[in-house]
């Protein structure tokens, strides 16, 4: 069985974390350190937007126009930080061969978070959110190509983070005034924009929710879905089962990001029990990728986060043994 992390980690030392992810998990990933200025997932994603300019306002990122020439000081700083992190990746992953994961905020979460030049979220404008998604898809293609160039032996995986998509589908994203909500997006519309990303590299869509829209992810062409096992309701498990039987990889978030560190058997139990209750093939369980429940930025310390990543290997062993039982 395989292990990986979901992106964010605590602290501000990218070199320490690059060494750690190459050591502790089977699928290393480019760490996100949101404790650093411009190190959060939205700033990281704005950094790859080469076709659109944005600046950072007190309420968050706002689009300002098109092209690199109009990029604000904040956007240029975000790009510089990403470039520095890629330099570290290239240095520490020299000679590496195998899967390597990068993360980016998905088009729907980005549209629900970033403002248009004249105010309100990009989500409010059908044309604007399509333009944003297309610009992001182009930027992601360049980003993945850059990682492949820097680490030639890597099979790059793309993780698309969509924590905001359930609210987008439900029409639960507030407007700027706070008095109403943006209109909901239907499933086919959500699939259409997500599909712009799944041809760039093998793609995992990550969403920590009680009922992540698994069917949207699989119809968009995602090769994997990443979920927080502790949150999933019965309907979500039914969709997970259908996805797994259809060949989609399940990235099972089983190690909590905060609180007491569980024993490996405790962390593995909910996944193993649900798999058996659903009557799923144990061989499919062996293909699951074991991850933390979500990003580890909220972990108490770097040492705590490292311990949680280290535990993944023990959990994977327990799950594999249960699948063989």
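Numbering (the numbering used here), first residue to last: 30 to 354. Using N, Cα and C, we set each Cβ at its ideal position, and we do this for glycine too. Model, not experiment: these values are computed from the prediction.
*On the premise that residue 103 lies in contact with residue 85, defined as a C-beta separation below 8 Å, what is that separation, rounded to the nearest angstrom?*
4 Å
*Quick one: which unbroken beta strand (DSSP E) runs of 3-plus residues sit fully inside the segment 108-180? Chain order, please.*
The segment 108-180 contains, as complete beta strand (DSSP E) runs of 3+ residues, the segments 127-134 (chain order).
*Out of 40, 306, 257, 176, which has the shortest C-alpha to C-alpha gap to residue 187?*
176
*asked:* On the criterion of 16 or more Cβ atoms from any shown chain inside 10 Å, does residue 203 qualify as buried, or is it exposed?
replied: exposed
*Beta-carbon gap between residue 278 and residue 344 smaller than 8 Å*: Not closer than 8 Å, so no.
*Can you give me the start and stop residues for the beta strand (DSSP E) that residue 318 sits inside?*
318-321
*Can you tell me the Cα-Cα spacing of residue 37 and residue 156, whole angstroms?*
31 Å
*C-beta atoms of residue 239 and residue 262 nearer than 8 Å*: Result yes, Cβ atoms of residue 239 and residue 262 sit closer than 8 Å.
*Residues bridged to residue 82 [DSSP beta-bridge criterion]*: 94
*asked:* Less than 8 Å between the C-beta atoms of residue 146 and residue 92, yes or no?
replied: yes
_is_contact[residue 152, chain B] using C-beta, thresh 8 Å_ = Absence of chain B from the displayed structure is noted, only one protein chain being present.
*asked:* Across the segment 242-249 and the segment 269-276, are there enough close Cβ pairs to call them in contact, namely three or more that are closer than 8 Å?
replied: yes
*Could you tell me the boundaries of the beta strand (DSSP E) in which residue 233 lies?*
232-235
*Contact check, residue 137 vs residue 228 under 8 Å by CB: the rounded distance?*
Their Cβ separation, rounded to whole angstroms, is 18 Å, which puts residue 137 and residue 228 out of contact at 8 Å.
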